[in-house]
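**Student:**
There are 4 protein chains.
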Amino acid sequence: MSSSIGKNLKISIFGESHGRSIGVVVDGLPAGIPIDREDILLDMARRRAGRKPGSTKRVEADIPEIQSGIYEDHTTGTPLCAVIKNGDPHSQDYAALAGKPRPSHADYTSLVKYGGLQDLRGGGHFSGRLTAPLVFAGAVARAYLKTQGVVCGSHIACIGGIWDAAFDPLNVDEKTLARLRKSDFPVLDAARGREMAERIEKARMNKDSLGGIDECAVVGLPAGIGDPMFDGMESKIAAILFGVPGVKGVEFGRGFAMANLRGSEANDAMEMRDGKPAFLSNNSGGILGGITSGAPLIVRTCFKPTASIAQEQSTVDMNTKEDCRIVIKGRHDSCITVRGLVAAEAAVMIAVADAMLEGSKRI
Amino acid sequence: MSSSIGKNLKISIFGESHGRSIGVVVDGLPAGIPIDREDILLDMARRRAGRKPGSTKRVEADIPEIQSGIYEDHTTGTPLCAVIKNGDPHSQDYAALAGKPRPSHADYTSLVKYGGLQDLRGGGHFSGRLTAPLVFAGAVARAYLKTQGVVCGSHIACIGGIWDAAFDPLNVDEKTLARLRKSDFPVLDAARGREMAERIEKARMNKDSLGGIDECAVVGLPAGIGDPMFDGMESKIAAILFGVPGVKGVEFGRGFAMANLRGSEANDAMEMRDGKPAFLSNNSGGILGGITSGAPLIVRTCFKPTASIAQEQSTVDMNTKEDCRIVIKGRHDSCITVRGLVAAEAAVMIAVADAMLEGSKRI
Amino acid sequence: MSSSIGKNLKISIFGESHGRSIGVVVDGLPAGIPIDREDILLDMARRRAGRKPGSTKRVEADIPEIQSGIYEDHTTGTPLCAVIKNGDPHSQDYAALAGKPRPSHADYTSLVKYGGLQDLRGGGHFSGRLTAPLVFAGAVARAYLKTQGVVCGSHIACIGGIWDAAFDPLNVDEKTLARLRKSDFPVLDAARGREMAERIEKARMNKDSLGGIDECAVVGLPAGIGDPMFDGMESKIAAILFGVPGVKGVEFGRGFAMANLRGSEANDAMEMRDGKPAFLSNNSGGILGGITSGAPLIVRTCFKPTASIAQEQSTVDMNTKEDCRIVIKGRHDSCITVRGLVAAEAAVMIAVADAMLEGSKRI
Amino acid sequence: MSSSIGKNLKISIFGESHGRSIGVVVDGLPAGIPIDREDILLDMARRRAGRKPGSTKRVEADIPEIQSGIYEDHTTGTPLCAVIKNGDPHSQDYAALAGKPRPSHADYTSLVKYGGLQDLRGGGHFSGRLTAPLVFAGAVARAYLKTQGVVCGSHIACIGGIWDAAFDPLNVDEKTLARLRKSDFPVLDAARGREMAERIEKARMNKDSLGGIDECAVVGLPAGIGDPMFDGMESKIAAILFGVPGVKGVEFGRGFAMANLRGSEANDAMEMRDGKPAFLSNNSGGILGGITSGAPLIVRTCFKPTASIAQEQSTVDMNTKEDCRIVIKGRHDSCITVRGLVAAEAAVMIAVADAMLEGSKRI
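Residue numbers (my numbering), protein chains in the order written: chain V, 121 to 483; chain W, 121 to 483; chain X, 121 to 483; chain H, 121 to 483.
1. Since residue 194 (chain V) and residue 154 (chain V) should fall inside the 8 Å C-beta cutoff, what is the C-beta to C-beta distance between them, to a whole number of angstroms?
2. Taking all protein chains shown into account, decide if residue 395 (chain X) is buried (16 or more other Cβ within 10 angstroms of its Cβ) or exposed.
3. Check whether the region 318–332 of chain X touches the region 451–471 of chain X, taking contact to mean three or more Cβ pairs, one atom from each stretch, closer than 8 Å.
4. Among H:478, H:467, H:460, which residue has its Cα nearest to the Cα of residue 276 (chain H)?
5. Does the region 440–450 of chain H touch the region 307–321 of chain H, meaning 3 or more C-beta pairs lie closer than 8 Å?
6. So, helix, strand or coil for residue 397 (chain X), using DSSP?
7. Relative to the alpha-carbon of residue 375 (chain X), which residue among X:418, X:182, X:309 has its alpha-carbon at the smallest distance?
8. Can you tell which of V:331, V:475, V:141, V:336 has the C-alpha that lies nearest to the C-alpha of residue 288 (chain V)?
9. Check whether the Cβ atoms of residue 255 (chain V) and residue 472 (chain V) sit closer than 8 Å, and answer yes or no.
10. With 16 as the cutoff for other CB atoms within 10 Å, does residue 251 (chain H) come out buried or exposed?
11. Select from the region 246–277 of chain V all residues with a C-beta closer than 8 Å to any C-beta belonging to chain H, and list them in chain order.
12. Using a Cβ-Cβ cut-off of less than 9 Å, give me the residues of the region 405–437 of chain X that come near chain W, in sequence order.
13. Give me the Cα-Cα distance between residue 164 (chain V) and residue 145 (chain H), rounded to the nearest whole angstrom.
14. I'd like to know if the region 338–351 of chain V and the region 422–434 of chain V are in contact, where contact means that at least 3 CB-CB pairs between them fall below 8 Å.
15. Can you confirm whether the region 358–378 of chain V touches the region 410–430 of chain V when touching is taken to mean that 3 or more C-beta pairs between the two stretches lie within less than 8 Å?
16. Have a look at residue 333 (chain X) and residue 405 (chain X) and give me their C-alpha separation to the nearest angstrom.
17. Just to make sure I have the definition right: I need the residues of chain A whose C-beta is within less than 7 Å of the C-beta of residue 341 (chain X). Which are they?
18. Can the beta-carbon of residue 428 (chain W) be found closer than 8 Å to that of residue 147 (chain X)?
19. Determine which residues share a DSSP beta bridge with residue 493 (chain V) and list them.
20. Taking 8 Å as the threshold (beta carbon to beta carbon), is residue 452 (chain X) in contact with chain W?
21. Please name the residue in H:356, H:391, H:341 whose C-alpha comes closest to that of residue 467 (chain H).
22. Determine the closest residue to residue 231 (chain V) out of H:264, H:196, H:215, with distance taken between C-alpha atoms.
23. Using the C-alpha atoms, what's the distance from residue 426 (chain V) back to residue 328 (chain V)?
24. Determine the DSSP secondary structure at residue 361 (chain W), reduced to helix, strand or coil.
25. Can you find a C-beta in chain X that's less than 8 Å from the C-beta of residue 168 (chain H)?
26. Is residue 443 (chain V) helix, strand or coil when you go by DSSP?
27. Go to residue 266 (chain W), then tell me how far its alpha helix (DSSP H) extends in each direction, as first and last residue.
28. Rounded to a whole number of angstroms, what is the C-alpha to C-alpha distance between residue 340 (chain V) and residue 290 (chain X)?
29. What in chain X is Cβ-close to residue 330 (chain H), meaning under 7 Å?
30. Any idea if residue 412 (chain W) is buried or exposed, counting beta-carbon neighbours within 10 angstroms, 16 or more meaning buried?
31. Mapping DSSP to helix, strand and coil, what is residue 421 (chain V)?
32. Expressed to the nearest angstrom, what Euclidean distance is found between the alpha-carbon atoms of residue 380 (chain X) and residue 244 (chain X)?
33. Does any residue of chain X bring its CB to less than 8 Å from the CB of residue 194 (chain W)?
34. What do you get for residue 151 (chain V), buried or exposed, if any count of 16 or more other CB atoms within 10 angstroms of its CB means buried?
35. So, is residue 295 (chain X) buried or exposed, given that buried needs 16 or more other C-beta atoms within 10 angstroms?
36. Can you pull the DSSP bridge partners for residue 457 (chain V)?
See below:
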């Protein structure tokens, strides 16, 4: 098995980078969600290459062709399938690499697992291109979340050691989220954004790449969503996020910084505010015991540097069993965090929608 | 749903902290795994309170009573259930807290979700005590992994800002893992361990608690285990890890440090060694494209500081709708990382066993 | 995997006939279901041996000991585990049969699959005794269904060629269902019941056994429950029913008799009645397109004759690889349909509850 | 959720009768299965309308366009998606029926469930047309089964009360199965087949339809496939079969006839034959305790008469809340059993492949 996940909202992703098409089936959507095609295309465009600092020059229209599940601009309640045609592949770029695993790609592990039967041109099913159907599914989840008053947005938290300002975890502004969604290079602090872009450009000039972190917030979530233990929000979100190529770390709230905190600093005390329970801090990232607390849900995702770099690298020739050196040609992002942010946001929205679609747990 | 997970090896955990018993059903084990009761009790003892710096004084025997699935010291292939009796509860410690959510516990979210119908004494089903059946299931997974030549071990990587030495990701020694497993306070660098213990003791004296990070390694794994995207090793492992109470971050290989690396630093180049492909570095933590590479699998887990601290804290009274102050009595770890390490290790082993039990993906 | 099923209401059954205990974890129950212990014991008693024509003389108290998930007589919303101790095993009855598969039992297939590692005394995990935890889970599902105004009941439809009257599929009476539930030998036509009992007794005298069919009805179900295709009511119900030992056929509404009908006879026409759509017939058994129609749900289950008969039978000795003859000793029902009816009813209730606990499919 | 099923081989079906396309994602296939496009088209042709007695005149090419998962005529091991374009829809045939549920269709239940948001033209997602992607997935499963020496075939067992000869359950001939697969109207006894065809024609002349039963056999299966209880072969097969529109009953081996048998007649005794254990009868249909016995697996599926008949029928107008009479126009099979057989065979093959792809249950 591989590319299916979800309990109440189930997605099943298919396709290879250089095959006929890629796409996704989304099963479990309720009937009646208004679908705004332009809004979906906005997310597709955000993910698409060629617009942003550090993005590959490979440009594909990435128009999802909806096969089913939408009728008169609303979901029908039965499975929705979207197909995205592949085009513009430079397959010859990969011919020289056959049997020579590109370092830190899935080439080696895929060769071992599938015995060379995968179509590994462009990474095949392991390609970052497979995030296009994920982003589509996320955009559909966004349409559902909108009907529930829930909004999700992200900014680049760190690239190459340069840190953006952080979300205020108690008070994430919907307007800010909307602005970030429309930005090609979404940051809270524009000056830091320019520094990041410079670092990316410098890495590109050096035939190198950079890693980074994005920060995602979900606001408008009621308290009480999610279930204990393995169906908690963190588990659901992380399981999808780690399915995004290049993700090597996921943290909620203060995350790994918790290791340097005392309980008296980390605990989120409460008070009554306007007649309702409210939090004095949100180090927990809006999740306690796997269940939403009503405070903004905050999650950060770390992407490794793009594995495809233009420098010569050492690898092995699986056929001759000899060491060899390779140079990866083709068009590649210098920093996948920029576009990966859109995929990570999609992953979070799919997981949150899945949890919200759970039936009631109270008589 | 809540406390069930797994595809090939399915676990279903039940119980509340102050109820009759807690336990787990493990379904999907192959027949014929030799079960060494002493080895299982070793893991149960590692998790148990009362032995370690920073652990609660609540002491329970935690002897898993095996109901089914083992016959003549071998697994039968049908579901294994173990029940662990509860005892020694100080339920009166919780009476004063009814309706007053303890900060950063699941009390508030649970009250909202279940409408006060949970038995929240001691945290109920959300208690850290529920890691006992998880550790049992992990010990059974360990017995399976042993038949496949796979070994798993952990050390405390960081507590309160003090960092232990790190595993050498290319060369984790089975002997070291065995030694760590027998230690009450497993660290690679004993001096750092003593510093950590001092910090914990100091926090305890201040009625406070500390967060931390543990690092877990799995060695002996063949390449080719795991599946692309959402059934990748990272997704499987993280989904279980985030089900462990108190976990707020999970990272693989270099993890969040990837944000500060260039591709030329982060990529794991390869060479032929003794006629076999081998890695020159292991920043990927033994996983590429969700699939094991044959290098050691390295995962780090961040635990928040124990939420139960002895200081007075601000919260709300859900009944009177007023602010209030509470003091949490009872026995609590000053640093859950120490025992959480055993639960995290169990989570990793369960996920790895689940992946190894997948049927072949090649004709 | 083996003994776990369900999406919204998940059950995981464990145990062997002659092991320490058998039981079940029920995960996904909403909080707040009132649990009437006497009502659960009534179902356990209905299933228990020793009371009915054709039942084995093996008598076990079969008191489910609830470990978790119930607090102050209501479900908590977290997993419920019940353990039923085994007692009164006559293991020596099975010693002579080691390696000699009893005809039409799972002995042979289990030996092939698990290599002799199962504890096959009494059938091990394949024993009809494993229906006890299923019946317990069904009784809990019944408690949930009661809160939704849904009632389920069954009668013996046929034994040894003698047919009881059938339910009127448009008008199943709750009082009748209640009466059937309290009967040791539930039939609609008492005279036919006496004939059946005579046949069973005659079979027993001849060291033989009989097959049969039970008919189960669910009333009070709203229209709109269930999902298309593989999550339809028939699929959900059949998947659990065929997990009950001895079941070889499942049909809904007119079922196999549909093969002899014309569309003009089989179709369920509609009319307005008291301002609401109503059916003129219910050949569909209350399910159209996998979704409940609001008419009573009708399902029939066929049980094979008890495989354990007291006559000498031909089998093979798996150790000596020779033909042999065996006589099965021990206590066995002459007709498992009588008690199987209770298990089948439980299976239906679990599946119906699972479908009703699905989140809404409409915005 | 609705149209996804499977554990090791997961299928996710999408599409509506009159939408853009229908199709399926098949996830979990091992790499390296040779895919013979002609052999797949043979199954598609068998299912397609217009060739057979009793089939609708709606003719669509039904050419599955493979989007992914196949490379150089072999499966890659990653998800396979096939899309089948819709064409030739007579949507106007349905306009007159809006809000007037056709008797024994899913129109009423779908309206209640989804609030009229489904595209119900032609039955929408509930249409028998959705069996085309199921048959495609079945054909792919057949290609896998072929690599394991497993063959599956079916004949029409009964239509309108006329019974074909039955398979000899101990000795189903692969040649016969191959012949049946190539027949437009597959029966064992040609004379009975002609009688059935006459009955169908007569029903059609009377603007009526007929129900029927098909019988499916799987040969070459090793013993030991399948798992106890809810992952038994019967549960797996029935869950998919009941997802096929129009199926109202499923039975294995002697099935419902077991109700008239004594244990001494029903039990399958064993003997050694050519040094191996063998069965003297196969009333169990090749399954004991949910696990294959090595004897042919035999399953029968009952289809109701086509619900769409040309006669005037009574129904309700959901908008005006009044009784009304409707006449269903369009092109419809007089007996869906003929083509349903192909879908049922696909369902069986998918379930069997799923079970065979389970990892080993023995160390």
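Even for Gly, the Cβ is constructed at its ideal location relative to N, Cα and C.
**Tutor:** Once the coordinates are examined:
1. 6 Å
2. exposed
3. yes
4. H:460
5. no
6. strand
7. X:418
8. V:336
9. no
10. buried
11. none
12. none
13. 22 Å
14. no
15. yes
16. 16 Å
17. Chain labels in this structure do not include chain A; the protein chains are V, W, X and H.
18. no
19. Outside the shown range of chain V (121 to 483) lies residue 493 (chain V), about which nothing can therefore be said.
20. no
21. H:356
22. H:196
23. 8 Å
24. helix
25. no
26. strand
27. 251–267
28. 46 Å
29. 382
30. buried
31. strand
32. 41 Å
33. yes
34. buried
35. exposed
36. Per DSSP, none; premise fails for residue 457 (chain V).
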